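Going by the UniProt record's numbering, the letters in the sequence shown line up with residues 1 to 363, in that order. To start, the structure under review is shown below, and the notes come after it.
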Amino acid sequence: MARSTIRDISRVTGFSVFTVSRALGGGDGVSEQSREQILKAARELGYVVNRAAQELRRAKRDSVAVITASTSNSYYLDLMDGIQQALDPSEWTVVIGDVAVDGAYEARLEARMIQRLIESRTAGVISALTLQPEHTELLAKWDIPVVFVDSSPPPEAAHFPSVTTNNHEASLMVGQHLAEHGYKDWLFLVYPSKWSSRFGRESGLREAALHHGANLVVLETANDAASARETLARHLDGREAPPHVLIAGNNPLLLGAMELLRERAIRIPADMAVVAYDEFAWSTLTDPPITVLNEQSAEIGRRAAMMLREIIERQEAAERKGKPPSPVYLPEHHQQVPARLMLRGSCGCALHGGGRNGSFQAA
Numbered sequence: 001m002a003r004s005t006i007r008d009i010s011r012v013t014g015f016s017v018f019t020v021s022r023a024l025g026g027g028d029g030v031s032e033q034s035r036e037q038i039l040k041a042a043r044e045l046g047y048v049v050n051r052a053a054q055e056l057r058r059a060k061r062d063s064v065a066v067i068t069a070s071t072s073n074s075y076y077l078d079l080m081d082g083i084q085q086a087l088d089p090s091e092w093t094v095v096i097g098d099v100a101v102d103g104a105y106e107a108r109l110e111a112r113m114i115q116r117l118i119e120s121r122t123a124g125v126i127s128a129l130t131l132q133p134e135h136t137e138l139l140a141k142w143d144i145p146v147v148f149v150d151s152s153p154p155p156e157a158a159h160f161p162s163v164t165t166n167n168h169e170a171s172l173m174v175g176q177h178l179a180e181h182g183y184k185d186w187l188f189l190v191y192p193s194k195w196s197s198r199f200g201r202e203s204g205l206r207e208a209a210l211h212h213g214a215n216l217v218v219l220e221t222a223n224d225a226a227s228a229r230e231t232l233a234r235h236l237d238g239r240e241a242p243p244h245v246l247i248a249g250n251n252p253l254l255l256g257a258m259e260l261l262r263e264r265a266i267r268i269p270a271d272m273a274v275v276a277y278d279e280f281a282w283s284t285l286t287d288p289p290i291t292v293l294n295e296q297s298a299e300i301g302r303r304a305a306m307m308l309r310e311i312i313e314r315q316e317a318a319e320r321k322g323k324p325p326s327p328v329y330l331p332e333h334h335q336q337v338p339a340r341l342m343l344r345g346s347c348g349c350a351l352h353g354g355g356r357n358g359s360f361q362a363a
């Protein structure tokens, strides 16, 4: 696929090559309206300044970028640990970029980050968020491989590598366990659908609820603790009694929910059981300890980093032979890591003789 040039931008916008060059370089003599028109055309054409292209060809490919979506989620701590384990820090530089600061996804931030990654000669990307299709296409145009973790690749790039969890099957396992406790009223507090892992989690819980004759309410909130607390408060205010069980979609939502339950003196699990997605360091230190669906994010990170490194090394080998350095994606670059349900007191297991604590694994 041909890469865009200044002349292409000049042709599309009608401005001279000189004016386009000044606008892209931040020079004087170009009105703000003209500059914005030129920059917009450059973005749409996938243009990256020539000096970056020259450096990209000359530089050693030794940096990897990890795109996260709210670093307040403990999931990313274990993910990064797995990535660092797989990449020798003396050989590889790992850069982290968050496109959902405080849980609020920002499309312009994603666009700016992708542009900077190309300009900074990034060798590859591990993304925990389904990127905008145009950004996946732009990275492909510049031969920068992408491995998706947690979230899936966009439909237009379904062949891109991914290391994920089978969230549907894992949620069926959660639902099965809730049914064993006899819970019939389930509340799922969940983040927006921008995070694609939501779909599998919700569909699995819906299927489990239908199968076991339970009532499931899906309550969407912004992806941060404060919003989760406020959303849950409004919902509980409209009910006569709490649901039998609260299922928190991730760590930030769990934190917001726990703050509210403590404030309202709602006892766990006596008044309402609690289950959450994603393991975190202090899950066994609460009273009672929290039952979680552990995605094993460290293993996901380790596999993703090894996969990306292998793809980059194959690119370098192709370049040495004078061949195009386009990344080659293989069927084995689609992997799923089994999830484990870690049974602890918050789901009510401790009330059944203590012998129910343990773990179960989903394929």
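In this text, a Cβ means the ideal position worked out from N, Cα and C, and glycines have one as well. This one's a predicted model, so the numbers in the text were calculated from it and none came from an experiment.
Taking its Cβ as the centre, do 16 or more other Cβ atoms sit within 10 Å of residue i, making it buried, or is it exposed?
{"i": "residue 320", "result": "exposed"}
{"i": "residue 98", "result": "buried"}
{"i": "residue 241", "result": "exposed"}
{"i": "residue 295", "result": "buried"}
{"i": "residue 348", "result": "buried"}
{"i": "residue 156", "result": "exposed"}
{"i": "residue 136", "result": "buried"}
{"i": "residue 19", "result": "buried"}
{"i": "residue 278", "result": "buried"}
{"i": "residue 96", "result": "exposed"}
{"i": "residue 93", "result": "exposed"}
{"i": "residue 333", "result": "buried"}
{"i": "residue 308", "result": "buried"}
{"i": "residue 58", "result": "In this prediction, residue 58 has a pLDDT of 48, which is less than 50 and means its spatial position is unreliable; what the coordinates show is noted afterwards. Answer is exposed; the Cβ neighbour count stays below 16."}
Going by DSSP, what residue range makes up the alpha helix (DSSP H) through residue i?
{"i": "residue 10", "result": "6-13"}
{"i": "residue 17", "result": "17-24"}
{"i": "residue 174", "result": "167-180"}
{"i": "residue 251", "result": "251-263"}
{"i": "residue 277", "result": "That residue, residue 277, is in no alpha helix (DSSP H); its beta strand (DSSP E) goes 273-277."}
{"i": "residue 300", "result": "297-320"}
{"i": "residue 78", "result": "75-86"}
To the nearest whole angstrom, what separates the beta carbons of residue i and residue j, a pair I think is in contact under 8 Å?
{"i": "residue 312", "j": "residue 124", "result": "5 Å"}
{"i": "residue 341", "j": "residue 173", "result": "5 Å"}
{"i": "residue 168", "j": "residue 204", "result": "4 Å"}
{"i": "residue 254", "j": "residue 187", "result": "No, residue 254 and residue 187 are not in contact; Cβ-Cβ is about 13 Å, not under 8 Å."}
{"i": "residue 215", "j": "residue 237", "result": "Not confirmed; about 19 Å, so no contact."}
{"i": "residue 67", "j": "residue 162", "result": "Going by Cβ atoms, the distance from residue 67 to residue 162 rounds to 14 Å, so no, they are not a contact pair."}
Considering only C-alpha positions, which residue in the set the options is nearest to residue i?
{"i": "residue 150", "options": "195, 342, 276 and 287", "result": "195"}
{"i": "residue 85", "options": "135, 297 and 322", "result": "297"}
{"i": "residue 77", "options": "307, 281 and 336", "result": "281"}
{"i": "residue 3", "options": "47, 228 and 23", "result": "47"}
{"i": "residue 291", "options": "8, 201 and 269", "result": "269"}
{"i": "residue 70", "options": "261, 327, 250 and 263", "result": "250"}
{"i": "residue 335", "options": "24, 256, 200 and 300", "result": "300"}
{"i": "residue 164", "options": "271, 132 and 339", "result": "339"}
How is the beta strand (DSSP E) around residue i delimited, first residue to last?
{"i": "residue 164", "result": "162-164"}
{"i": "residue 339", "result": "339-343"}
{"i": "residue 247", "result": "245-248"}
{"i": "residue 291", "result": "291-294"}
{"i": "residue 68", "result": "63-68"}
{"i": "residue 440", "result": "Residue 440 falls outside the range modelled here, since the chain spans only 1 to 363, and no answer is possible."}
{"i": "residue 96", "result": "93-98"}
{"i": "residue 219", "result": "215-220"}
Exercise. Can you list the beta strand (DSSP E) stretches of 3 or more residues lying completely in the region 106-133, in chain order?
Worked result: 124-127
Exercise. Unbroken beta strand (DSSP E) runs of length 3 or more, entirely within the region 178-211: which are they?
Worked result: For the region 178-211, whole beta strand (DSSP E) runs of length 3 or above, ordered along the chain, are 185-190.
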